[in-house]
Structures are given as C-alpha cells and as structure tokens.
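Engineer: All residue numbers for the sequence shown refer to numbering that gives the first Met the number 0, where the first residue is 0 and numbers rise by one.
For each residue, glycine too, the CB sits at the ideal point set by N, CA and C.
Here the structure is a predicted model, which is why all the values come from computation and not from measurement.
Right, I'll just put the structure down here and ask away after.
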Amino acid sequence: MAGVNWLSLLFIIGFVGVHFSTKYLKLSTENPRSPWLSVFGGATIAYVFLYLLPELHKYLGIMKEAVGDSWLAVVGDYTYLLALVGLLVYFGLDTLAKSKQKDKGEESGFPVFLVHLSSFFIYNLIIGYLLIREEFSSQWSMALYFLALAAHFVATDHTLKEIHKEAYDRYGRWFLVAALLIGWLIGVILKVHEVAVGIAVSFLVGGILLNVFKDELKQGGSKNYLAFLGGAGVILALFIVVRSL
Numbered sequence: 000m001a002g003v004n005w006l007s008l009l010f011i012i013g014f015v016g017v018h019f020s021t022k023y024l025k026l027s028t029e030n031p032r033s034p035w036l037s038v039f040g041g042a043t044i045a046y047v048f049l050y051l052l053p054e055l056h057k058y059l060g061i062m063k064e065a066v067g068d069s070w071l072a073v074v075g076d077y078t079y080l081l082a083l084v085g086l087l088v089y090f091g092l093d094t095l096a097k098s099k100q101k102d103k104g105e106e107s108g109f110p111v112f113l114v115h116l117s118s119f120f121i122y123n124l125i126i127g128y129l130l131i132r133e134e135f136s137s138q139w140s141m142a143l144y145f146l147a148l149a150a151h152f153v154a155t156d157h158t159l160k161e162i163h164k165e166a167y168d169r170y171g172r173w174f175l176v177a178a179l180l181i182g183w184l185i186g187v188i189l190k191v192h193e194v195a196v197g198i199a200v201s202f203l204v205g206g207i208l209l210n211v212f213k214d215e216l217k218q219g220g221s222k223n224y225l226a227f228l229g230g231a232g233v234i235l236a237l238f239i240v241v242r243s244l
C-alpha cells in the first residue's frame, strides 16, 4: 500500500470543491458563451498539448515493449489510436445525449443520463488516479495539473448541467465526485500496471480534446477566442516557470 501523498489529498478535496461549487457560478454556455468558460477551455487545451500528449509518447514505448512481436504489433501507435477512440466515444455519447434531449424537450432521459455520466465517471476516475500515481517532476507540477483540470471541471460541469438539467444537480455531481475519490483511493492502495494506465491516459486525452473543442466551436466569437488564448497563455507561462524550478 502506497503512502498517502498529503498534497494529492489536498488537491482531490479541491477537485471535489470545484464540482460542488460550480453550480453557484452563473456562466452562460449558450450564445453569448461566457468568456470565462473559454479561458478555462484554453487552459485545459494548453495543458493537454504541453503535458498529456508527450505522456502518450512515453506510454507508447511501454505498450510496444509489452506487446513485443505479437500480432498486436501491427497496430503500431497504440496510444494515439486509443486517443482517437476516446474522442469518438465521447463524441458519440454526447451526440446521443443531445439528440434525446431534443426529442424529450427539457430532459435527456434517465437511461441516456446514466450512460453519459458513466463515461464521465471513468474520466474522473482516471484523473483521480493520476493525481497520486503520475510521476510529477515536483509539487508545482502537481499543482499545475490540478489547476488545469479544475478549470476543465468548471466547463464540463456547465455543459453537463445544460444537457441533463436537474438530474445532473441531483445525482450527477455526486457521481463524478465519487469517481474522483475512488480513483484517488485506488492509487493509494495499489499501482495499476503501466500498460493499463497508458490506455486510460490515451482515452482521457481524446475525451478532453473533444469536450473542450466541441463547446468552443459551438458558440465562438472574437471575445471567446481572446479569452481562450489568454487561458492557454497562462498555462504556458506557468508551465515554463514550473519547468525552470
């Protein structure tokens, strides 16, 4: 059993706080889209390109070594393929949820809600696990991970609330908070095989890219673009500072 990283515990509590507090932030997801949501989207995307995508290259080497000369070797770039699968899966589930919402009016329907939220349960489970088990270069690097993903949670919470209405406030937030805590506890208790972690991170990257860009492209304007650029610039600046420490 791994020793508890108390900083990671502080940040996991911070993630929980973000999920429960976002309902009090009145940020418009419709036209005009709140510039703050674009700031958060830009911050998340910058982190994906600066940190998570390079991680896919690391996990690709691990997966190739594990596969060896088996027939799976023909696939080649496993992590990037899995990132594409993650993007397509989240796109499909999001499309299904929105189409059912239109059919039923206000609500998307409870079965669709469960399927859609289950995908985000996995999403948060991975994020919680990585918080304690990812090999961050320093405490500041972990803090940057928290900052970028907390920003992402603010944006995704608003989007999920837009789709699922009351059901998200009543059940969804608790569901996603539970996923974070379970993922973190799994990391405390055991170390998952790196191949499995590589699969999970790849899937997560595809999901994040889809969830940020689908919202930004939906109601984008010049203010939103500048806000997106500002969010990305902040994370870039912090990334450079953290790397230099």
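#1: What does the Cβ neighbour count give for F19, buried or exposed, with the cut at 16 atoms within 10 Å?
#2: How about S7 and I125: do their beta carbons lie closer than 8 Å?
#3: Are A45 and A231 closer than 8 Å when you measure CB to CB?
#4: When the distance is taken between beta carbons, is F202 closer than 8 Å to G85?
#5: Buried or exposed, going by whether 16 or more other CB atoms sit within 10 Å of the CB of L9?
#6: If we count Cβ pairs, one from each stretch, closer than 8 Å, do we get three or more for the segment 85-98 versus the segment 208-216?
#7: Does the separation of the CB atoms of G127 and W183 fall below 8 Å?
#8: Assign Y23 to buried or exposed, taking buried as 16 or more other Cβ atoms, counted over all protein chains shown, within 10 Å of its Cβ.
#9: How would you write the range of the alpha helix (DSSP H) that S284 sits in, first residue to last?
#10: Helix, strand or coil for G2? Go by DSSP, reduced to three states.
#11: With a CB to CB cut of under 7 Å and the five nearest residues on each side skipped, what residues in its chain are close to L116?
#12: Return the chain-ordered list of same chain residues with a C-beta closer than 8 Å to the C-beta of D214, the five sequence neighbours on each side being excluded.
#13: Does DSSP put L209 in a helix, a strand or coil?
#14: Helix or strand or just coil, what does DSSP make of S201?
#15: What do you get for V47, buried or exposed, if any count of 16 or more other CB atoms within 10 angstroms of its CB means buried?
#16: Give a yes or no on whether the C-beta atoms belonging to I61 and L179 are separated by under 8 Å.
#17: Quick check: the Cα distance between A166 and V66, rounded to an integer number of angstroms?
#18: Count the other CB atoms, across all protein chains shown, that sit within 10 Å of the CB of F227; report buried if there are 16 or more and exposed otherwise.
Structural biologist: In terms of the structure at hand:
#1: Under this definition F19 is an exposed residue.
#2: Not in contact: S7 and I125 (Cβ atoms no closer than 8 Å).
#3: Judged by beta-carbon spacing, A231 lies within the 8 Å limit of A45, meaning their Cβ atoms are closer than that value.
#4: Going by C-beta atoms, G85 is nearer than 8 Å to F202.
#5: L9 is exposed by the Cβ-count criterion.
#6: Three or more pairs of CB atoms, one per stretch, sit closer than 8 Å, so the segment 85-98 contacts the segment 208-216.
#7: Yes.
#8: Counting Cβ neighbours within 10 Å, Y23 comes out exposed, since fewer than 16 surround it.
#9: Residue 284 cannot be examined here, being either before or after the span of the chain that is shown, 0 to 244.
#10: Per-residue confidence for G2 stands at a pLDDT of 45, beneath the threshold of 50, marking its modelled position as unreliable; the derived number appears in the next sentence. G2 carries a coil assignment under DSSP once its states are collapsed to helix, strand and coil.
#11: Counting only Cβ-Cβ distances below 7 Å, and skipping sequence neighbours, we find G171 and F174.
#12: Within the same chain, D214 has close Cβ partners T28, R32, L36, G40, A154 and T158.
#13: Three-state result, L209: helix.
#14: Here S201 sits in helix by DSSP.
#15: Buried: at least 16 other Cβ atoms inside 10 Å.
#16: It is not a contact, given that the beta carbons lie outside the stated cut-off.
#17: If you draw a straight line from the Cα of A166 to the Cα of V66, it comes to about 43 Å.
#18: Buried, because 16 or more other Cβ atoms sit within 10 Å of the Cβ of F227.
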